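So the sequence lines, in the order shown, correspond to chains U and E. Residue 4 is where the first sequence starts when you use the working numbering, and the numbers rise one by one after that. Residue 2 is where the second sequence starts when you use the working numbering, and the numbers rise one by one after that. A virtual CB, placed ideally from N, CA and C, is assigned to each residue, including glycine. Bear in mind the structure is a predicted one, so any value in this text is a computation, not a measurement. What follows is a single structure, written as structure tokens, with notes after it.
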Amino acid sequence: MPYVVLALVLMLFVIAVIWIISTRNTFVKLKVKISEAESGIDVALTKRYDVLTKLLDVTKGYAEHEKSILTQTAMLRSGSTLKEKEEYNSKLTEAFRQIYAVAENYPVLTADRSFKELQMTISDVEEHLQAARRAYNGNVSIFNQKINTFPSNIIADSMGLEAADFFQADEEKRQDVSMKF
Amino acid sequence: MDNRQLLRFMDVLEDLEKQRKWVAFLFLFSDVPLVLSFIIAIFSREYYIYFFASRLFLLPFFLSFAFFMFAMNKKKLYAKRYKRYIVEYGINNYFENVTYRPDDGIDEHTVFSTGMIYKGNHFESEDLITGIYKGVPFTQSDVRIQHRQGKSDYSKRVEYFTGRWMIFRFNKNFVCNLQVVEKGLGAYKNGRDSFGGKLEKIELDDEAFNKAFRTNCENQQEAYYILTPQMMRRMLDLKENTKGQLMFCFLDNALHIACNTGKNSFEPPIFRKIDLQRIMDETYSDLSLITSFIDFLNLDNKLFKN
């Protein structure tokens, strides 16, 4: 009889150890996925900035204050926090909006082939950014659910994990950017 | 179709109807020896005993089988002619740029390159249609994948897939390979093993979509890029409106859509009259599956073009 009890205790102990290891690994994997998705956002933001500079080149001569737009929107700093990325994204959106506002007054510019091509690129970059944001938020959602539900929250607490922030995109502004001429 | 062609077509229809009646008669007649021996066995005890003692009971089975095989052979000829004239006529009416080859199909290698389904040991494919709709080149054929335990056509078999396989080709490669498979598809091979184990299972940001489909991909972000919220909604709508389970595979420059309908399309009627209107309706309904995918999934949009 004591052997049976001992075997049961030992079995429970082994199961608990396996569960702890697998839960810890799940958290580590999720953290990696979140940081991968965040770098996806960085890539999309950088592409967005590149397109902005190209757009400024094309609109040169039409938009007088293009220099001020570039100064307002410098390249994304490496190691920026999520909040900084959100702000940077808003700035880019604002910059695009300003350029489009100028372009609206020049039908010759909006009919220009390079301008039209850039518009298509912008739309593609916007879609990539949206995909990156959705991928990031999807991973954050799974991660946050895990660290807040029992029993995995015990492991999360022991690892000192905290809920991650979602990447908020100003949807209204983002849609304004993809306006068509 | 001018008057001469119309008259010829009507003649062919008449001939086909005669052929159909003959095939139907042969199928019914193939059951006669079995039914007769059964009736005699019920009404005559002596015959019944003699019948089993002399092993003559095997004779009606052989006779029935022989008639059945003969009927099958005639059915093949009838089906071939039916497809050549009636189905091809329907297909040409439905699409502008299309070719139909009833005896050909999508090759085994192309189907299994998607890594979505078990190979089994028997592969059949027929009714190959290639064409262009709304600028999207497509290929479709009926596909049957089975595991047969014996070598004969009538051996025990496990059905892995019976239905339509469609391939839509685009002028750009997808950045990553992506599989979306409806849950509950029995013969689904664990797709994550495909492509050298590079695929991983992901959950998307649509609960209903995750409940209905399992998704495997090489790159999570690219999967989100292809599977936009609108695309996922459309795929769910398609699932609701399509008979049979669906599989999608975005591979290289093609989208494979497999629909496990459990039936063979464009098959001729045997025991009912050839009603051209009804047949055309059925053919158009089968063909509308191809166009509905292009229309529903908006495959002619810029996501799939350079």
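### Task
Determine the contact status of residue 83 (chain E) and residue 24 (chain E), defining contact as a CB-CB distance below 8 Å.
In terms of Cβ geometry, residue 83 (chain E) and residue 24 (chain E) do not form a close pair [threshold 8 Å].
Beta strand (DSSP E) containing residue 183 (chain E): first to last residue?
Unbroken beta strand (DSSP E) run through residue 183 (chain E): 179-183.
Name the two residues that bound the continuous beta strand (DSSP E) containing residue 146 (chain E). Counting along the chain, the beta strand (DSSP E) containing residue 146 (chain E) begins and ends at 137-149.
So, for residue 253 (chain E): in the same chain, excluding its five sequence neighbours on each side, which residues have a beta-carbon less than 6 Å away from its beta-carbon?
The beta carbon of residue 253 (chain E) sits closer than 6 Å to the beta carbons of 174 from its chain, once the five residues preceding and following it are set aside; these are given in chain order.
Original post:
alpha helix (DSSP H) containing residue 141 (chain U): first to last residue?
Top reply: Unbroken alpha helix (DSSP H) run through residue 141 (chain U): 116-151.
When you compare only the Cα positions, how much space is there between residue 278 (chain E) and residue 228 (chain E)? In a straight line, the C-alpha of residue 278 (chain E) is about 39 Å away from that of residue 228 (chain E).
Check your understanding: Any idea if residue 3 (chain E) is buried or exposed, counting beta-carbon neighbours within 10 angstroms, 16 or more meaning buried?
Key -> Exposed: under 16 other Cβ atoms inside 10 Å.
Check the DSSP bridge columns for residue 165 (chain E) and list the partner residues they point to.
Beta-bridge pairing links residue 165 (chain E) to E:143 and E:260.
Show which residues of chain U have a CB atom less than 8 Å away from the CB atom of residue 206 (chain E). Residues of chain U with a Cβ closer than 8 Å to the Cβ of residue 206 (chain E) are, in chain order, 137, 140, 141 and 144.
Quiz item: Alpha carbon to alpha carbon, what distance is there between residue 285 (chain E) and residue 95 (chain E)?
Solution: C-alpha separation (whole angstroms): 7 Å.
- Have a look at E:166, E:149, E:91 and E:298 and flag the residue whose alpha-carbon is nearest the alpha-carbon of residue 114 (chain E). Closest in C-alpha terms to residue 114 (chain E), from the list E:166, E:149, E:91 and E:298, comes E:166.
Grab me the residues of residue 135 (chain U)'s own chain with a C-beta within less than 8 Å of its C-beta, minus the 5 sequence neighbours each way, in chain order. Closer than 8 Å at Cβ, skipping near neighbours: 40, 43, 44, 46 and 47.
What is the DSSP secondary structure of residue 94 (chain E), counted as helix, strand or coil? In the structure shown, residue 94 (chain E) adopts helical secondary structure according to DSSP, grouped into three states.
task = Could you say if the stretch 269-276 of chain E and the stretch 236-255 of chain E meet the contact criterion of at least three C-beta pairs nearer than 8 Å?
result = Contact between the stretch 269-276 of chain E and the stretch 236-255 of chain E is absent, because fewer than three Cβ pairs lie under 8 Å.
- Query: Per DSSP, what kind of secondary structure is residue 24 (chain U) in: helix, strand or coil?
  - Reply: In the structure shown, residue 24 (chain U) falls within a helical segment according to DSSP collapsed to helix, strand and coil.
Starting from residue 130 (chain E), follow its DSSP beta bridges and name the residues at the other end.
-> DSSP, once it has assigned bridges, lists E:101 and E:141 as partnering residue 130 (chain E).
Who are the Cβ neighbours of residue 125 (chain U) in its own chain at under 6 Å, not counting the five residues just before and after it?
Around residue 125 (chain U): 54.
inquiry  = Counting only C-beta atoms, is residue 120 (chain U) closer than 8 Å to chain E at any point?
reply    = Interface with chain E (8 Å Cβ-Cβ cutoff): residue 120 (chain U) is excluded.
In chain E, what lies closer than 7 Å to residue 163 (chain U) by C-beta? Under the 7 Å cutoff, chain E gives no residues; its nearest Cβ is about 26 Å from residue 163 (chain U).
N- and C-terminal bounds of the beta strand (DSSP E) containing residue 170 (chain U): Per DSSP, residue 170 (chain U) belongs to no beta strand (DSSP E) and is neither H nor E.
Compare the beta carbon distance of residue 237 (chain E) and residue 213 (chain E) with 8 Å and say whether it is the shorter of the two.
Against a cut-off of 8 Å, the Cβ pair of residue 213 (chain E) and residue 237 (chain E) comes out as a contact.
Q: Compare the C-beta of residue 82 (chain U) against all C-beta atoms of chain E and say whether one is closer than 8 Å.
A: Taking CB atoms only, residue 82 (chain U) has no neighbour in chain E less than 8 Å away.
- Per-residue contacts from residue 2 (chain U) into chain E (C-beta, under 8 Å): The shown model of chain U, from 4 to 184, leaves out residue 2 (chain U), and the question about it has no answer.
Own chain partners of residue 1 (chain E) with C-beta closer than 8 Å, once the 5 adjacent residues on each side are dropped: A question about residue 1 (chain E) goes unanswered here, because the residues of chain E that appear run from 2 up to 307.
Chain E partners of residue 134 (chain U), CB-CB under 7 Å? Here the neighbours are 222, 225 and 226.
Self-check item: residue 169 (chain E) vs residue 295 (chain E) beta-carbon contact at 8 Å
Solution: Between residue 169 (chain E) and residue 295 (chain E), the CB-CB gap stays under 8 Å.
**Asked** Since residue 169 (chain U) and residue 143 (chain U) are thought to touch, with beta carbons under 8 Å apart, how far apart are those beta carbons, to the nearest angstrom?
**Response** Yes, they are in contact, since the Cβ atoms of residue 169 (chain U) and residue 143 (chain U) sit about 6 Å apart, within 8 Å.
Between the stretch 146-164 of chain U and the stretch 11-31 of chain U, do three or more beta carbon pairs fall short of 8 Å? Enough Cβ pairs lie closer than 8 Å, so yes.
Check: Would you report the Cα separation of residue 60 (chain U) and residue 112 (chain U), rounded to the nearest angstrom?
Finding: Distance between residue 60 (chain U) and residue 112 (chain U), taken at the CA atoms: about 12 Å.
From residue 34 (chain E) to residue 129 (chain E), what distance separates their C-alpha atoms? Whole-angstrom Cα-Cα distance: 39 Å.
### Task
Output the distance between the C-alpha atoms of residue 151 (chain E) and residue 256 (chain E), rounded to the nearest integer angstrom.
Approximately 34 Å between the Cα atoms of the pair.
By Cβ distance below 6 Å, which residues in the same chain neighbour residue 208 (chain E) in space, the five residues on each side in sequence not counted?
-> Within the same chain, residue 208 (chain E) has no close Cβ partners at all.
Does the stretch 16-23 of chain U touch the stretch 113-123 of chain U, meaning 3 or more C-beta pairs lie closer than 8 Å?
-> The stretch 113-123 of chain U vs the stretch 16-23 of chain U: no contact.
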